[in-house]
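One structure below.
4 protein chains.
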Amino acid sequence: MPKVTEAHRAERREQILLAAARCFARDGFHATSMDTVIAEAGLSAGAVYGYYRGKDELIEAAAGRAVELLGDVLPVVAAAPSPAALVEQLLGLVTEVADRLGFDPTRIAVLAWGESVRNPRVREPVARAYTAIRAHMAEAVRHWQRDGRMAADADPEEVAKVLFGLLPGFIVQRQLIGDVHPDRYAAALRALTGGAGTG
Amino acid sequence: MPKVTEAHRAERREQILLAAARCFARDGFHATSMDTVIAEAGLSAGAVYGYYRGKDELIEAAAGRAVELLGDVLPVVAAAPSPAALVEQLLGLVTEVADRLGFDPTRIAVLAWGESVRNPRVREPVARAYTAIRAHMAEAVRHWQRDGRMAADADPEEVAKVLFGLLPGFIVQRQLIGDVHPDRYAAALRALTGGAGTG
Amino acid sequence: MPKVTEAHRAERREQILLAAARCFARDGFHATSMDTVIAEAGLSAGAVYGYYRGKDELIEAAAGRAVELLGDVLPVVAAAPSPAALVEQLLGLVTEVADRLGFDPTRIAVLAWGESVRNPRVREPVARAYTAIRAHMAEAVRHWQRDGRMAADADPEEVAKVLFGLLPGFIVQRQLIGDVHPDRYAAALRALTGGAGTG
Amino acid sequence: MPKVTEAHRAERREQILLAAARCFARDGFHATSMDTVIAEAGLSAGAVYGYYRGKDELIEAAAGRAVELLGDVLPVVAAAPSPAALVEQLLGLVTEVADRLGFDPTRIAVLAWGESVRNPRVREPVARAYTAIRAHMAEAVRHWQRDGRMAADADPEEVAKVLFGLLPGFIVQRQLIGDVHPDRYAAALRALTGGAGTG
DNA sequence: AATGAATGAGCGTTCATTCAT
DNA sequence: AATGAATGAACGCTCATTCAT
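Below is the structure:
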């Protein structure tokens, strides 16, 4: 099979990445062997290693991918009418993508947090993506302050940290306990924030 | 040979568990070899295996221990005068214990979440501990509702989930980004909850 | 499609062989991957395998080639006026060809000796070439005996072995230590052989 | 099997080294798999890796060992009465040790030369050992010059190189062709050196 | 004739665990 | 009870070779 298009190469990379992500989401990074990923991808060992340098790169790619999808909603985040609306939208997104992607990105996210403890190559891109989201949330907070919906003396960056923190808070409970739902979570947040905001 | 020996056994188990926890917090569960734990404990392989059945049991024990310390503050949780006060107290506790224990329990917590994805023996005790905290938080919510500080129609269990979620939210940012502080986090939460509550 | 195509085939084989020889001389047989040879030849994997059955055949061909060039001087050998002259001529040849060939045949020779330990397909042609040279050296010895320059009771075949042995002796020191020079080596040999012989 | 003496450790290292050397002498460095060495040593993989860091270290150790035995005769070398006597003694030694060691050190030496092309960790100790022998040979040459048995204007270091070179010359023919014998080689050398010398 | 992506057997190595002492 | 040398299954990965195009 000679000379193959760049598009075909990208497709193969995607095929392998998704296979790896499915395996990781199922068994965790370390309990997943390359043989398992290789079988899941329906390829040979050599083929997989032709597209990724090794297991580490696959872990980094899967972690990056799981976090990437948050980037899709950055504009929406900055324009959210209220904290609860913002969170509801994000949680909805996070909950819904599993089918579209073929794996649960929140499981990979949780694995990625654990891996981050010792692996900067996982931690740094994740930290960067999260920092970007927080910046957009801070932007939203500033809107709310201008609208008079939030105390003007609050530090927008710090409020954004709390808002952002609701996301991992939801994910941890979703993965460990399983009894959380985006809309009920948002409703409770609305109760907590004094019911202010219309979104 | 009862009591004395039993106490000795417990001491040795503690010595090994703390050694393992230090290693895990430093390198993660899977990058920590039993040899490393054995060296850190200052014992022989055989000795360690005399007290724990294997690495998995050590991981489960370390995860359990990291989560256990939250049990100390259950009464305080239920009596907290406001969401922000509650969260401030918990985050303060969580931030402070690292020195006392010789390892950072929030690092182990993050590792435990990752491990929970595939290992019910880690997930279940953690989930149980978290559920217990949430129950106490729901109790606090009910107090606030009785005091008129919170909308009476809010579901206390759901509000508790949000409150509890602030904890992992803080921990994830602490571990991955590192720019969060208990008091500033609580202050931002206070701004978000409309400044209601004085505690 | 005879002649032209046959010439083209021979050219391609030569191009591949020289590429392989350069790689082998640089990195050794086993640390050279086929990919490296293929890249050095500027061809594709399939093309290289169209001309050589595999890596082993390439090793055998390179070893053969490194040894072949000694065949050029067989007539000179038989006519040498003295041991020292003979050796000087051979060492000079051996030292000089590296540039002409694009690789150092003495490096390949050393590699070939190592490979000979287990691979008769390398050993046999090399052994045959060396035996041929020794036969010509024995011829020279007989000349010297007839001329009265060497004891008549010496076994020419055995003396030839010693003379031939000076060659690998030089090469080993050249490759491992690097402080030997053909003319100084020949001069020392002249001192050792009692200064007999003027050539 | 707890606490074992240093002597026992040394024995095990020797057992493994000899097993590796036998395998290497039989099949070459690269065609010998660690599994083969492990089986030959009668141990498990883990045990072997407890004594040697890996295959490379085993190769280096085997090469070193094959060359070491020449160190035993350094004093004898310096005192040799004639070139032929010197060479005869060395070749005799080299030929005889195979049984004592359980492997043919000249096969390993040839492999080591090949490996030296690209591996300084093999080349350097071998080069050092050879340089040491040459220094002793130069000493012998100086004796012969003082005795009037050799031209006073010859460079002893250069003559030593030629003398030393007889060794690899013998070994190469022994391994590739197999028709050389220490005493006949020495006799031929005696003929070549003008029969001078009584040794 | 030429391509190069794909193959897959086999490699060197690790490490949780055992058990003779 | 304690030791630590020994075990061996399983891992991640390489690379000589093939064959559909």
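These protein sequence lines map, in sequence, to chains A, B, C and D. Residue numbering for the first sequence follows this note's numbering, starting at 1 and increasing by one per position. Residue numbering for the second sequence follows this note's numbering, starting at 1001 and increasing by one per position. Residue numbering for the third sequence follows this note's numbering, starting at 2001 and increasing by one per position. Residue numbering for the fourth sequence follows this note's numbering, starting at 3001 and increasing by one per position. In this text, a Cβ means the ideal position worked out from N, Cα and C, and glycines have one as well.
The beta carbon of B/A1138 sits closer than 8 Å to those of P1156, E1157, V1159, A1160, all from its chain and outside the five residues before and after it, given in chain order.
Rounded to whole angstroms, C/T2131 and C/L2163 show a C-alpha spacing of 12 Å.
Per the Cβ contact rule, the stretch 37 to 50 of chain A is not in contact with the stretch 94 to 108 of chain A (fewer than 3 Cβ pairs under 8 Å). For C/L2176, the nearest CB of chain D lies under 8 Å from its own CB, placing it at the interface with that chain. A straight-line Cα-Cα distance of about 55 Å links B/R1009 and D/I3108. At a Cβ-Cβ threshold of 8 Å, B/V1067 and B/Q1089 do not count as neighbours. Exposed is the label assigned to A/R128, since fewer than 16 other Cβ atoms lie within 10 Å of its Cβ. Close CB contacts of B/V1076 within its chain, under the 8 Å cut and outside five residues either way in sequence, are with Q1089 (chain order). Contact between the stretch 1090 to 1097 of chain B and the stretch 93 to 100 of chain A is absent, with fewer than three C-beta pairs closer than 8 Å. Secondary structure of B/A1151 (DSSP, three-state): coil.
Between A/W113 and B/Q1173, the C-beta gap is not smaller than 8 Å, which leaves the two residues out of contact. In this structure, the CA atom of B/I1177 is about 25 Å from the CA atom of B/G1064. Membership of B/V1067 in the alpha helix (DSSP H) is indicated by the continuous run 1055 to 1068. When secondary structure is reduced to three states using DSSP, C/D2104 falls in the coil class, being assigned neither helix nor strand. Contacts with chain A at 8 Å (Cβ-Cβ) include B/P1083. Shown here, C/D2179 sits in coil according to DSSP, grouped into three states, outside any helix or strand.
For D/Y3130, at least one C-beta of chain C is nearer than 8 Å to its own C-beta. For the options A/F170, A/R134, A/L86, A/A135, the alpha carbon positioned closest to that of A/T193 is the one of A/L86. In this structure, the CA atom of B/Y1185 is about 23 Å from the CA atom of A/P125. C-alpha of D/L3058 to C-alpha of C/R2118: approximately 19 Å in a straight line. Around the Cβ of A/T32, a 10 Å sphere holds 16 or more other Cβ atoms; the residue is buried.
Counting along the chain, B/G1050 sits inside the alpha helix (DSSP H) bounded by residues 1045 to 1051. Residue-level contact by beta carbon fails for C/A2098 and chain D, as no gap is shorter than 8 Å. Going by beta carbons, B/L1189 and B/L1167 fall outside the 8 Å limit. Put simply, the backbone Cα of A/V48 is about 27 Å away from that of B/F1029. Cβ-Cβ separation between B/G1169 and A/G169: approximately 4 Å, consistent with a contact (criterion under 8 Å). Distance between A/G46 and A/V4, taken at the CA atoms: about 17 Å.
Measuring C-alpha to C-alpha distances from C/F2024 to each of D/G3148, D/L3017, D/E3115 identifies D/E3115 as the nearest. For C/R2022, the number of other beta carbons within 10 angstroms of its own is at least 16, and it is reported as buried.
Residues of chain B whose Cβ lies closer than 9 Å to the Cβ of A/Y185 are, in chain order, E1158, K1161, V1162, G1165. If you look at D/F3024, you'll find it in the alpha helix (DSSP H) that goes 3006 to 3027. Comparing alpha carbon positions, the residue from D/G3050, D/A3062, D/A3140, D/T3036 closest to D/L3017 is D/A3062.
Against chain D, the CB of C/T2193 has a partner CB under 8 Å away; the residue lies at that interface. For B/R1149 and B/A1084, the gap between their C-alpha atoms comes out near 13 Å.
In the same chain as C/Y2051, and ignoring 5 residues on each side of it, the C-beta atoms closer than 8 Å to its own belong to R2009, R2012, R2013, I2016, in chain order.
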